[in-house]
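To get our numbering, take the position in the sequence shown, counting from 1, and add 471.
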Amino acid sequence: MDYNLRPFGAFFMKYFLIIFILFVFSSVLVDAQELQTSPLNFEFLKYREELLKNEKQKKEIIPAPFKYYFSDGINTSENFPLYFNLKDSGFVSPVKDQGSCGCCWAFATLGSLESSVMMRNSGVFDFSEENMKNCHGFLMSGCSSGNHHVSVAYLTRGSGPALESQEPYIPSDNLCTAHFQPQFLVTKSYDLPKDPLVIKNAIMENGGVYATIYWQQNFYNFTYKTYYYTGTNEVNHAVLVTGWDDNKVISGKTGAWIAKNSWGTGWGQNGYFYISYFDTKFLSAACVFPEFSAFKNGQTVYLHDTLGMVGSLGYGGNTAYGLVKLTAKETHSLTKVGTFINAQNTKISVEIYSGKNDESLVNRLAEINEQTCPYPGYYTFDLPVKVPINKGEDFYVKIKYITPGYNFPVPCEYKIADYSDPHISENTSWVSSSALYWERMGAPINGKMKDVCIRAYAEIDSSSTFNGLNIYPNPNQGIFTLEFDTKQEELISVELYDITGKIVYKRAFVKNLGQIIQRFNFSKLPKGVYIFSLKTSTTSIKRQLLIL
């Protein structure tokens, strides 16, 4: 019996064609969603309106143009003592006096960092509020107003901290004329929710906490050095929280925070005072610095966003991608990636590439698997292996952001009247809802004059005992020749890493003074980018290898 199967073939052909078209259309539709910028914070808009009406209404603390997103429910099961004060353990720097200059935010920020440095046994430092207030880079003058986001931008881009001895404090507006190598590089900051258990835990683990307060003298008890405000006015001052006393009674309510002010030792209790747990505006903003490192010669922070995050971008959902192109200024190795996080429990993953062809990224150099960020703030993430990069080479850093409950995942920098006016780079930033199609940001695109806040960190490798290190041909199909000269007899260790940091080859050998030629066969390894590492007891040199 003969059956005619042509109608069925035509039917299935049409069926698969329809499915294919729907798939392509859905992919395009996902990326066709309109890019949106997070709305300006209502408190900031209100502040700016008041500023236009009356210039004299300037506050020491200016509201940020954005608000971090905190989800409900924070699990902190620590048992805390009834009383605790960092001052008792010597983990707080001396009280200072800001005088008539409205830069309390700088004193509170650097007081927090000084405390954190002491708790990490990294020394006792007196940092320069003068340099921070003059060189923060925002539109506000140093003595008019600021906030801890201004401070974080200054600290994380490597502008400071400088030492007080390098630029002593002057309680007046001054221009930024002095630039110093920073003493430390701040690599993580947490913005904390107004949760007593979280704040207590942060104090005990990280040091003094930057905190905002609404200050009005009528609510201060000069006899008992206590403060308790129950109104709704916006915050106008910043102090450093150093501890607590659960048994302290203020206006009939039990429990108080202990704070260091910046009005000199003649004020309060040698510069300190108590704030009620029930104060309605205290801790409206709280920040701490859990990670930092001593700044080393040869360190570089690659970035476009000199002022850091002032807003965020999204496509109506809690997942989006950011991408930046950076160019190496020196021949050195990438060690970290940094970015701002705008929502609690954000998850991110990172990939670094050497090139971009239209919508496709090429030659993946490194990746960082999904990381969870417990609080909003600024974070850095160590690469699993250092990635060597040559002077003048471009590289691309891509980050996937998942921000539960918040629909503007990608942090960005842009111009905001009376707040920020950064230089916006050209053809260096992109965003996407799916990483299939990239939407270009930056100059000179009208409506998209924004930099994506993604950064990369690099260090120069230690001085080498090798001369003329060369690996060739590179790229190839896996057969490489290593050629170098040694200045002395060396125990040499060779390691090959994949982009996840996993060692896929390892060998050690001793070589005498003179020229060395070694041949390596990596042809059985999967195609891709690898990091070739050559080590001695004093030296580590890395090179990229591309197996075709």
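All C-beta atoms, glycine included, are put in the ideal place defined by N, C-alpha and C.
Give me the Cα-Cα distance between Lys998 and Ile823, rounded to the nearest whole angstrom. Each residue's Cα considered, the two are about 17 Å apart.
Taking only three categories from DSSP, how would you classify Trp576? Note: Trp576 maps to helix in three-state DSSP.
Endpoints, the beta strand (DSSP E) within which Arg519 is located: Careful: Arg519 lies outside any beta strand (DSSP E), inside the alpha helix (DSSP H) at Phe513 to Lys524.
Take every Cβ of the stretch 683 to 690, pair it with every Cβ of the stretch 872 to 881, and state whether three or more of those distances are shorter than 8 Å. With a cut-off of 8 Å on Cβ pairs, the stretch 683 to 690 is not in contact with the stretch 872 to 881, counting fewer than three such pairs.
Using 8 Å as the Cβ pair cut-off and three pairs as the minimum, do the stretch 595 to 607 and the stretch 762 to 771 touch? Look at the beta carbons and you see the stretch 595 to 607 not touching the stretch 762 to 771: under three pairs across the two are nearer than 8 Å.
Rounded to whole angstroms, what is the Cα-Cα separation between Leu953 and Asn941? Rounded to whole angstroms, Leu953 to Asn941 spans 6 Å at the Cα level.
At a cut of 8 Å, does the stretch 659 to 667 reach the stretch 847 to 855 through at least three beta carbon pairs? As far as the Cβ criterion goes, the stretch 659 to 667 touches the stretch 847 to 855, which means the pair count is three or higher.
Distance check for Ser994 and Ser1004, CA to CA, integer angstroms please. Cα-Cα distance, rounded: 18 Å.
Residue from Phe951, Lys1006 and Val706 with nearest C-alpha to Ile1018: For Ile1018, the closest of Phe951, Lys1006 and Val706 by C-alpha to C-alpha distance is Phe951.
Can you tell me the Cα-Cα spacing of Thr648 and Ser564, whole angstroms? Their Cα atoms are separated by approximately 26 Å.
Just the Cα atoms here: how many angstroms apart are Gln569 and Leu967? C-alpha separation (whole angstroms): 54 Å.
Considering only their Cβ atoms, is the gap separating Ser587 from Gly678 smaller than 8 Å? Their beta carbons are under 8 Å apart, which means Gly678 touches Ser587 by this criterion.
Distance, Cα to Cα, Leu500 vs Ser904? A caution first: Leu500 carries a pLDDT of 46, below 50, which makes its placement in the model unreliable, though a value can still be read off. In a straight line, the C-alpha of Leu500 is about 10 Å away from that of Ser904.
When the Cα of Ser630 is compared with those of Thr580, Val856, Gly608 and Ser643, which residue comes out closest? Of the listed residues, the one whose Cα sits closest to Ser630 is Gly608.
With DSSP as the reference, label His619 as helix, strand or coil. Residue state, collapsed to three classes: helix.
Please report the straight-line C-alpha distance between Ile1002 and Ala929, rounded to a whole angstrom. Rounded to the nearest whole angstrom, the C-alpha separation of Ile1002 and Ala929 is 15 Å.
With DSSP as the reference, please indicate the residues paired to Phe780 in a beta bridge. The sequence as given places Met at residue 780; Phe does not occur at that position. Paired residue(s): none; Met780 is not in a bridge.
Should Asp559 go down as buried or exposed, given a rule of 16 or more other Cβ atoms within 10 Å for buried? Residue environment: Asp559 is assigned as exposed (fewer than 16 neighbouring CB atoms within 10 Å of its CB, all protein chains considered).
Close beta carbons around Gly826, own chain, < 8 Å, minus the five adjacent residues each side: Cβ neighbours of Gly826 beyond the five flanking positions: Leu832, Val833, Asn834, Asp865 and Tyr867.
Taking the alpha helix (DSSP H) that Ala757 belongs to, which residues open and close that run? Careful: Ala757 lies outside any alpha helix (DSSP H), inside the beta strand (DSSP E) at Ala757 to Ala765.
Inter-residue spacing [alpha-carbon to alpha-carbon] between Gln740 and Asp716: Inter-residue distance for Gln740 and Asp716 is about 15 Å (C-alpha atoms, whole angstroms).
Taking 8 Å as the cut-off, decide whether the C-beta atoms of Leu836 and Val1000 are in contact. Against a cut-off of 8 Å, the Cβ pair of Val1000 and Leu836 comes out as a contact.
Check each candidate in Val808, Ile931 and Phe879 and name the one with the smallest Cα separation from Ser428. Residue 428 falls outside the range modelled here, since the chain spans only 472 to 1019, and no answer is possible.
Is Ser1004 helix, strand or coil by DSSP? If DSSP states are grouped into helix, strand and coil, Ser1004 belongs with the strands.
Phe541 and Pro667 look like a contact to me (Cβ under 8 Å); what is the Cβ gap, rounded to whole Å? The Cβ separation is near 14 Å, so there is no contact.
For Ile721, which of helix, strand or coil comes out of DSSP? For Ile721, the three-state secondary structure derived from DSSP is strand.
If you draw a straight line from the alpha carbon of Phe578 to that of Gln959, how long is it in whole angstroms? A direct Cα-to-Cα measurement between Phe578 and Gln959 gives close to 52 Å.
Three-state secondary structure (DSSP) of Ser509: Reduced to three states, the DSSP call for Ser509 is coil.
Do you know offhand how far Glu830's Cα is from Phe596's? Rounded to the nearest whole angstrom, the C-alpha separation of Glu830 and Phe596 is 48 Å.
Can you tell me the Cβ-Cβ gap for Leu511 and Tyr786, rounded? I've got them flagged as a contact below 8 Å. In this structure Leu511 does not touch Tyr786 by the C-beta definition: roughly 19 Å separates them, more than the 8 Å allowed.
Taking the continuous alpha helix (DSSP H) assigned at Ile674, which residues delimit it? In the DSSP annotation of this structure, the continuous segment of the alpha helix (DSSP H) that includes Ile674 starts and ends at Pro667 to Asn677.
With Glu884 and Met780 assumed to form a contact (beta carbons below 8 Å), what rounded beta-carbon distance in angstroms separates them? Right, the Cβ-Cβ distance comes to about 7 Å (below 8 Å), so this counts as a contact.
Quick one: using the 10 Å Cβ neighbour count with 16 as the cut-off for buried, is Ser1008 buried or exposed? So Ser1008 ends up on the exposed side.
Determine the closest residue to Glu638 out of Arg978, Asn605, Ala906 and Gly737, with distance taken between C-alpha atoms. Residue Asn605 is the option with its Cα nearest to Glu638.
DSSP three-state label for Ala649, please. Three-state result, Ala649: coil.
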